[in-house]
Amino acid sequence: MNNFAYQLKINLKRFLLRNPFFFIFIISLPAVFYLIYTKVAITDAPAGWNKRFLVSMIVYGILINSLSTLSRILSSDDKKGFKLFVKLSPTSLNSYYANIFLVFEFMNIIAVSAVALVGVFINKVNLSLENWLVLLVAVPVLCLPFALLGVLISFVGDENAVGALANLLMFTIAILSGLWWPLSMMPDYLQKIGKIMPGYPASQLSLDLLLKQNMSGNQLQTLFVWLIVLILILGLVVKNKGRKA
1 MNNFAYQLKI NLKRFLLRNP FFFIFIISLP AVFYLIYTKV AITDAPAGWN
51 KRFLVSMIVY GILINSLSTL SRILSSDDKK GFKLFVKLSP TSLNSYYANI
101 FLVFEFMNII AVSAVALVGV FINKVNLSLE NWLVLLVAVP VLCLPFALLG
151 VLISFVGDEN AVGALANLLM FTIAILSGLW WPLSMMPDYL QKIGKIMPGY
201 PASQLSLDLL LKQNMSGNQL QTLFVWLIVL ILILGLVVKN KGRKA
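In UniProt numbering, the protein residues as written are 1 to 245.
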């Protein structure tokens with residue numbers, strides 16, 4: 001356990017301090033977007049808009065962290081031989097991945113908290129203790145497909161290719177899933193596409209939990225299908241990579 005804690009400490013330092021400006025940018029971007037949309041772009045929003053858009057930007061923050069940060073971390077460790085070093089050391093790969101997961105979730109908590117605190121102190125959004133638990137625990141769980149996408153992207157190869165693909169998918173999912181603006185503002189054919197993107201059910205189910213509404217069975221099914229499909233694809237990719245190694 002001491003070795004695991006020491007490895008966790010090292011990973012926190014190398015991920016958070018290796019490029020602090022990038023980390024701050026990743027964390028602050030959703031909060032800045034939230035301020036722009038709620039204070040500048042939309043001034044006559046209906047009641048409840050601030051809380052609804054709060055959820056969208058929190059999901060967007062986790063999306064950024066998953067596709068941009070997680071994919072870069074795993075790709076960089078693979079290319080620089082860090083995973084090989086772990087294999088040759090007393091530390092197991094399972095311990096390495098558990099460490100990465102904990103660091104990733106810690107970064108998610110920071111990203112969620114940043115947006116939520118802006119909502120509370122600037123937009124006067126009322127969040128109970130139960131609401132905070134939903135935002136910090138339930139929402140990251142509902143966003144697990146993003147993490148799987150991030151892991152898959154890390155297998156692309158070159159770090160530049162990883163970054164380019166991560167950005168492409170990140171903006172595509174954010175726009176089509178209705179995270180930046182309501183899906184109802186888009187053409188019908190884009191709405192149909194958006195509703196089967198992973199970001200839409202993740203944000204809608206998160207909002208249902210926050211507002212204590214019944215969760216949509218169709219959206220749960222969509223999210224579950226994404227999880228299963230991505231897990232199967234990831235399994236095939238890892239198996240194929242193992243054969244080539």
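Just so it is clear, CB atoms sit at the ideal spot from N, CA and C, and this is done for glycine as well. None of these values were measured; they are calculated from a predicted model.
| query | result |
| --- | --- |
| What did DSSP end up calling D158 once you bin it into helix, strand or coil? | coil |
| Would you report the Cα separation of L117 and M107, rounded to the nearest angstrom? | 15 Å |
| Return yes when the Cβ of K239 is within less than 8 Å of the Cβ of F155, no when it is not. | no |
| If you draw a straight line from the alpha carbon of M57 to that of Y34, how long is it in whole angstroms? | 6 Å |
| Give the secondary structure of N214 by DSSP, where H, G and I count as helix, E and B as strand, and everything else as coil. | coil |
| Using only the alpha-carbon positions, how far apart do L165 and G217 sit? | 31 Å |
| Taking the alpha helix (DSSP H) that N126 falls in, what are its first and last residues? | Looking at the DSSP string, N126 is not in any alpha helix (DSSP H), and its letter there is neither H nor E. |
| For M186, name the three-state secondary structure that DSSP assigns. | coil |
| Have a look at L210 and A138 and give me their C-alpha separation to the nearest angstrom. | 10 Å |
| Could you tell me the alpha carbon to alpha carbon distance between M185 and N131, rounded to whole angstroms? | 28 Å |
| Alpha carbon to alpha carbon, how far is I36 from N214? | 30 Å |
| So for M197, helix, strand or coil by DSSP? | coil |
| CB-CB under 7 Å to A114, same chain, minus the five flanking residues each way: which ones, in chain order? | I27, S28 and A31 |
| Anyone know if the C-beta pair for L148 and L232 falls short of 8 Å? | no |
| In this structure, how does DSSP classify K80 when only helix, strand and coil are distinguished? | coil |
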